[in-house]
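Everything below concerns the one structure shown next.
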């Protein structure tokens with residue numbers, strides 16, 4: 001069963017990312033209008049915008065929350081070649097502002113010479129560390145030596161990936177058996193380049209990150225990657241959003257006791273889904289790694305779950321135009337959802353386009369009805385004009401809830417779907 005509700009986000013341009021905080025009570029959105037908005041969930045379940053401010057001088061690609069152990073901290077990255085760290089401050093010496101909160105910029109990271117395409121905080125057990133990747137193919141890892149002073153960040157590692165970077169993901173495993181590891185995806189248009197996903201692992205002997213594996217079978221542009229929560233497994237699972245959805249299993253090969261190099265992996269393709277029949281832009285896991293969600297240019301969010309034989313099947317399709325979606329057999333899917341009449345009314349009135357679709361200056365010839373197939377974009381089109389369609393994020397704690405977006409020209413509707421039951425035969 002799905003319960004859907006919507007809020008008006010009031011961004012003046014395309015939303016690129018949405019992020020839940022650790023507890024699922026707050027979320028942040030970022031947009032090409034150069035701003036970040038913070039939303040808080042009230043006791044009755046309504047979402048209210050509690051902060052909105054201009055963060056960068058260019059489109060803001062990503063926004064992410066730090067673990068609450070480090071306070072209310074956000075990081076954002078932008079086309080303006082910078083990443084920024086923001087902290088919420090509650091209470092001031094001024095009586096008029098006492099008890100009120102506001103966000104202040106703690107630092108700006110300016111090492112990149114090109115657009116910073118993704119930003120992620122490292123897993124909590126590693127301390128307060130922030131990772132960025134850029135279009136010039138460089139991954140940078142920063143550390144805040146004093147968590148009480150977020151204005152000081154030191155560059156710990158600078159890794160050249162040789163390919164333009166589009167996304168990154170940390171392995172959330174906190175096991176001592178598994179060294180710190182992250183994956184980087186590339187959207188490099190160079191057709192001669194193979195292996196668009198690279199895995200890096202920390203080496204205790206050299207105190208550096210070294211490339212452990214390259215997924216050579218991934219040759220198309222990668223838009224998003226996500227490690228599954230480990231939960232005691234002896235292997236890792238990595239989801240990749242490219243022209244389809246792919247799941248890889250990385251099984252560590254036991255090293256000799258004298259070996260000092262990075263871990264080698266046996267790479268296995270667990271599943272490959274082309275149900276979107278279009279580019280896939282986001283993949284996200286629930287906290288137990290039993291459910292994967294993907295979103296694509298077909299205007300749908302699809303939910304994937306493994307059965308008792310470890311075969312992954314689509315268990316639900318969320319469509320944003322308010323009509324039930326039929327499967328290949330022509331029968332409605334068991335887990336399709338219908339949004340309220342308010343969204344349908346807004347769609348008809350505004351001739352809405354799918355979330356993340358390009359919003360050019362002349363929208364009269366480019367706007368599309370939500371749920372229709374988007375027109376292909378020229379490869380030379382800048383990142384500002386890439387169709388990201390129906391972005392979402394699984395909440396880390398409330399893993400039965402996720403976010404998707406719909407853009408209606410200048411106004412934005414954020415649709416919240418709550419998944420209360422999932423089963424698969």
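In UniProt numbering, the protein residues as written are 1 to 425.
The beta carbon of each residue, even a glycine, is placed where N, CA and C say it ideally should be.
Because the structure is a prediction, the values reported are computed rather than measured.
Can you find the residues in the same chain that come closer than 7 Å, C-beta to C-beta, to residue i, ignoring five residues on each side of it along the sequence?
{"i": "residue 195", "result": "214, 215, 216, 218"}
{"i": "residue 266", "result": "251, 253"}
{"i": "residue 376", "result": "For residue 376, the predicted structure reports a pLDDT of 36, less than 50, and the residue's modelled location is therefore unreliable. The matter cannot be settled from this model."}
{"i": "residue 147", "result": "70, 128"}
{"i": "residue 33", "result": "11, 12, 13"}
By DSSP, does residue i sit in helix, in strand, or in coil?
{"i": "residue 68", "result": "helix"}
{"i": "residue 148", "result": "coil"}
{"i": "residue 16", "result": "strand"}
{"i": "residue 243", "result": "coil"}
{"i": "residue 126", "result": "helix"}
{"i": "residue 189", "result": "coil"}
{"i": "residue 296", "result": "strand"}
{"i": "residue 308", "result": "coil"}
{"i": "residue 238", "result": "strand"}
{"i": "residue 9", "result": "coil"}
{"i": "residue 303", "result": "strand"}
{"i": "residue 135", "result": "coil"}
{"i": "residue 289", "result": "coil"}
{"i": "residue 35", "result": "strand"}
Which first and last residues belong to the beta strand (DSSP E) in which residue i is found?
{"i": "residue 158", "result": "154 to 160"}
{"i": "residue 318", "result": "312 to 319"}
{"i": "residue 202", "result": "197 to 203"}
{"i": "residue 268", "result": "264 to 273"}
{"i": "residue 88", "result": "83 to 90"}
{"i": "residue 26", "result": "26 to 31"}
{"i": "residue 282", "result": "280 to 285"}
{"i": "residue 218", "result": "Where residue 218 is concerned, there is no enclosing beta strand (DSSP E), given that its DSSP letter is neither H nor E."}
{"i": "residue 43", "result": "Counting along the chain, residue 43 falls outside any beta strand (DSSP E), and DSSP gives it neither H nor E."}
{"i": "residue 76", "result": "73 to 78"}
{"i": "residue 168", "result": "165 to 170"}
{"i": "residue 212", "result": "208 to 214"}
{"i": "residue 116", "result": "116 to 121"}
{"i": "residue 227", "result": "224 to 227"}
Comparing alpha-carbon positions, which option in the options lies nearest residue i?
{"i": "residue 100", "options": "89, 176, 13, 108", "result": "89"}
{"i": "residue 240", "options": "252, 183, 251, 121", "result": "183"}
{"i": "residue 160", "options": "231, 303, 211", "result": "211"}
{"i": "residue 309", "options": "270, 86, 319", "result": "270"}
{"i": "residue 137", "options": "276, 189, 22, 176", "result": "189"}
{"i": "residue 293", "options": "31, 84, 227", "result": "227"}
{"i": "residue 288", "options": "47, 248, 233", "result": "233"}
{"i": "residue 221", "options": "21, 245, 317", "result": "245"}
{"i": "residue 36", "options": "13, 42, 25, 22", "result": "13"}
{"i": "residue 296", "options": "318, 305, 312, 306", "result": "318"}
{"i": "residue 86", "options": "145, 202, 53, 313", "result": "53"}
{"i": "residue 140", "options": "82, 21, 66", "result": "82"}
{"i": "residue 274", "options": "307, 312, 176, 237", "result": "312"}
Could you name the residues of the same chain whose beta carbon sits closer than 8 Å to that of residue i, not counting the 5 residues immediately before and after it, in chain order?
{"i": "residue 142", "result": "109, 129, 130, 131, 132, 153, 154, 155, 156"}
{"i": "residue 203", "result": "179, 209, 210, 260, 261, 262"}
Leaving out the 5 sequence neighbours to the left and right, which residues in its chain are closer than 6 Å to residue i when beta-carbon positions are compared?
{"i": "residue 58", "result": "78, 79, 80"}
{"i": "residue 455", "result": "Beyond the ends of the chain as shown, which are 1 and 425, falls residue 455; an answer cannot be given."}
{"i": "residue 223", "result": "241, 281"}
{"i": "residue 47", "result": "7, 39, 41"}
{"i": "residue 268", "result": "249"}
{"i": "residue 151", "result": "106, 107"}
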